[in-house]
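Take a look at the structure set out below.
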Amino acid sequence: MPESSILKIASARRSVRKYLPDPVPRELLDVCLEAARLAPSACNAQPYSFIVVDDPALKEKLAAAAFGGIYSACGFAAAAPVLVAVTGRRQNFTAWIGNQVQDINFRYMDMGIAGEHFVLAASELGLGTCWLGWFDKKAAARTLGLPAGERPEILISVGWPGEGPAPRKRKAADEFRRYNPGL
61 MPESSILKIA SARRSVRKYL PDPVPRELLD VCLEAARLAP SACNAQPYSF IVVDDPALKE
121 KLAAAAFGGI YSACGFAAAA PVLVAVTGRR QNFTAWIGNQ VQDINFRYMD MGIAGEHFVL
181 AASELGLGTC WLGWFDKKAA ARTLGLPAGE RPEILISVGW PGEGPAPRKR KAADEFRRYN
241 PGL
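If you use the working numbering, the sequence shown corresponds to residues 61 to 243, in order.
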């Protein structure tokens with residue numbers, strides 16, 4: 061297989077659940093945000109925003125709101141120096157029609173593509189991240205002061221890794237891929 065820098069980054073990226081308390085420079089966060097901004101989206105709708113919470117008091121307030129009660133399994137993210145909320149908003153009409161015809165919400169696909177651009181850039185910069193979908197979205201939205209029609213769909217914890225998780229087992233390439241099925 062030819063040498064590929066994206067494969068190196070993708071194979072090195074891990075979900076980090078322990079962080080050092082050191083702050084993350086905004087210049088590095090801006091690189092990650094630029095990678096997310098460049099992500100493609102259905103009909104170029106870009107139906108998301110990335111809200112960076114790096115103020116310690118606000119981050120603590122957001123973590124308390126988002127990870128309380130039944131959502132406490134993700135409480136480890138409170139130790140990260142940065143939480144990034146990926147918020148969704150209504151799509152443009154063309155993307156909405158596509159959702160209806162294909163029975164899929166392209167907004168979530170778009171957020172996933174942009175979010176993955178963000179975490180891969182973070183990994184390349186030596187930062188650890190973890191995708192979080194299990195959190196109190198209503199409480200997080202209130203804490204962030206989001207307007208009606210916009211809600212946090214994903215939280216990403218960001219910081220300097222306090223652990224080096226081992227690689228997880230992946231399917232073999234032949235289990236994962238198929239070329240020209242049916243021929």
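Even glycine gets a Cβ: it sits at the ideal position worked out from N, Cα and C.
Report the rounded CA-to-CA distance for residue i versus residue j, giving the unit in angstroms.
{"i": "Leu118", "j": "Lys68", "result": "35 Å"}
{"i": "Phe136", "j": "Val112", "result": "18 Å"}
{"i": "Phe110", "j": "Gly242", "result": "42 Å"}
{"i": "Trp156", "j": "Arg211", "result": "17 Å"}
{"i": "Glu87", "j": "Gly209", "result": "30 Å"}
{"i": "Phe153", "j": "Pro100", "result": "17 Å"}
{"i": "Leu185", "j": "Leu206", "result": "30 Å"}
{"i": "Ser34", "j": "Arg73", "result": "With the chain running from 61 to 243 in the structure shown, residue 34 is simply not present."}
{"i": "Ala139", "j": "Tyr239", "result": "44 Å"}
{"i": "Arg237", "j": "Glu223", "result": "32 Å"}
{"i": "Cys134", "j": "Pro62", "result": "38 Å"}
{"i": "Glu120", "j": "Glu235", "result": "43 Å"}
{"i": "Asp115", "j": "Glu94", "result": "20 Å"}
{"i": "Trp191", "j": "Ala105", "result": "22 Å"}
{"i": "Lys231", "j": "Ile130", "result": "32 Å"}
For residue i, does the count of other Cβ atoms within 10 angstroms reach 16, so buried, or fall short, so exposed?
{"i": "Leu98", "result": "exposed"}
{"i": "Ser183", "result": "buried"}
{"i": "Ser132", "result": "exposed"}
{"i": "Lys229", "result": "exposed"}
{"i": "Pro141", "result": "buried"}
{"i": "Phe127", "result": "buried"}
{"i": "Ala233", "result": "exposed"}
{"i": "Ala226", "result": "exposed"}
Please name the residue or residues paired with residue i in a DSSP beta bridge.
{"i": "Pro207", "result": "For Pro207, which the question treats as bridged, DSSP gives no partner whatsoever."}
{"i": "Phe110", "result": "Val146"}
{"i": "Trp191", "result": "Ile216"}
{"i": "Ser71", "result": "Paired residue(s): none; Ser71 is not in a bridge."}
{"i": "Pro21", "result": "Past the edges of the chain, shown from 61 to 243, lies residue 21, and the structure says nothing about it."}
Taking 7 Å as the cut-off, decide whether the C-beta atoms of residue i and residue j are in contact.
{"i": "Cys92", "j": "Ala181", "result": "yes"}
{"i": "Gly175", "j": "Gly219", "result": "no"}
{"i": "Phe178", "j": "Ala96", "result": "yes"}
{"i": "Gly172", "j": "Pro107", "result": "no"}
{"i": "Thr203", "j": "Ala125", "result": "yes"}
{"i": "Asp170", "j": "Ala102", "result": "yes"}
{"i": "Pro221", "j": "Val84", "result": "no"}
{"i": "Leu143", "j": "Leu122", "result": "yes"}
- Item | Touching by the beta-carbon criterion (3+ pairs, under 8 Å), the stretch 80 to 93 and the stretch 161 to 175 | Contact fails: fewer than three Cβ-Cβ distances are below 8 Å.
- Can at least three beta-carbon pairs, one atom from the stretch 209 to 224 and one from the stretch 186 to 199, be found at a separation below 8 Å? These segments touch.
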